[in-house]
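Peer 1:
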Amino acid sequence: MIQKMRGDGMPGATKLVGGQGLEECDWDRIRDEIAHRGTSGKVEIRPLTHGPLSDRSETHKHNPHNVLVAGLEPVGDHEFEAALRLHNDQEFQLDHMGVHVQGMIVLEAARQMYLAVCERYYPSEGEIHLFDKMETTFRNFLYPLETRLRSAVTAGTSDLGRPVFDVRTEFRQAGLHIAEVRTVGTALSAQSLERKEHRGAERALRHALKNAPAPDPAR
């Protein structure tokens with residue numbers, strides 16, 4: 041954008057609409073360039089606003105650059121809405137070819153939306169969410185523009201008496217239905233999850249050792 045202003049310029053009235061990845065420092069550079077060229081009266085700036093990011097306890101992400109859910113709020117009976125927030129240094133953006141946003145962003149955003157909604161609005165003391173299923177349908181390309189996430193939650197109880205959540209998250213951009221992700225998960229106590237993980241790790245290790253080639257005595 042700055043190169044364009046320094047080159048051909050922007051004839052007539054111009055509207056600049058923010059996309060994903062633009063930070064306030066980027067807008068400051070753009071505003072400085074506009075002021076330097078004396079065209080402030082001809083340019084309307086509309087930065088993309090996301091609302092507050094969901095925190096680490098809700099998204100299970102340590103690096104804020106990797107948090108994709110912002111402005112989460114209830115919008116109906118067991119329905120919630122948020123904005124997709126995509127940072128340039130987000131982990132899935134660092135190695136991707138193409139103009140569109142890769143599909144893994146959709147999956148990760150749906151995962152974070154599930155966790156953020158359940159952690160905030162369906163809290164269970166000392167329990168951790170374990171995913172049982174993720175089903176995804178893509179309908180249109182996702183681009184680095186304003187995107188809304190809307191989740192509908194069905195909460196129930198498993199045969200073992202554990203909380204179960206079925207969350208359907210819809211992605212919309214520019215009036216189009218981009219994708220839908222259905223995530224089903226169970227809330228387990230931290231102790232139950234730890235035992236489950238340890239049993240799985242032991243089983244995997246036994247299998248790996250059993251199928252490993254025998255050592256060569258000649259070496």
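Residue numbers (the working numbering): 41 to 259. Every residue, glycine too, gets a C-beta built ideally from N, C-alpha and C. Please read all numbers here as calculations on a predicted model, not as lab measurements.
Along the beta strand (DSSP E) that carries His217, what are the first and last residues, could you check?
Peer 2: Locating residue 217 in the sequence shown gives position 177, counting from the first residue. 216-229 is the span of the beta strand (DSSP E), which, as asked, contains His217.
Peer 1: Beta strand (DSSP E) containing Ser191: first to last residue?
Peer 2: Walking along the sequence shown from the start, residue 191 turns up at place 151. Segment 188-197, the beta strand (DSSP E) holding Ser191.
Peer 1: Quick one: what's got a C-beta closer than 7 Å to Arg202's C-beta in the same chain, skipping five residues either side?
Peer 2: Here residue 202 refers to the residue found at position 162 when the sequence shown is read from its first residue. Thr226, Ala227, Leu228.
Peer 1: How would you label Thr99, buried or exposed, when you count the other beta carbons within 10 angstroms and need 16 or more for buried?
Peer 2: Here residue 99 corresponds to residue number 59 of the sequence shown, with the count starting at 1. Looking at its Cβ environment, which holds 16 or more other Cβ atoms inside 10 Å, Thr99 is buried.
Peer 1: If contacts are defined as beta-carbon pairs under 8 Å, then Gly138 and Ala110 qualify, I think. What distance do you get, rounded to the angstrom?
Peer 2: Indexing the sequence shown from 1 puts residue 138 at position 98. Indexing the sequence shown from 1 puts residue 110 at position 70. Incorrect: roughly 24 Å between the Cβ atoms, too far for contact.
Peer 1: Using a Cβ distance threshold of 8 Å, determine whether the segment 203-221 contacts the segment 243-254, with at least three qualifying pairs required.
Peer 2: At 8 Å Cβ cutoff, the stretches do not touch.
Peer 1: Measure the C-alpha to C-alpha separation of Leu260 and Tyr183 and round it to an integer number of angstroms.
Peer 2: No answer is possible for residue 260: it lies beyond the span of the chain, which begins at 41 and ends at 259.
Peer 1: For Ile168, which residues of its own chain have a beta-carbon under 8 Å away from its beta-carbon, when the five flanking residues on both sides are left out?
Peer 2: One-based indexing of the sequence shown puts residue 168 at position 128. Answer for Ile168: Ala227, Leu228, Ser229, Ala230, Leu233, listed in chain order.
Peer 1: Can you tell me where the beta strand (DSSP E) holding Arg208 begins and where it ends?
Peer 2: On the sequence shown, position 168 is the one that residue 208 refers to. Counting along the chain, the beta strand (DSSP E) containing Arg208 begins and ends at 203-213.
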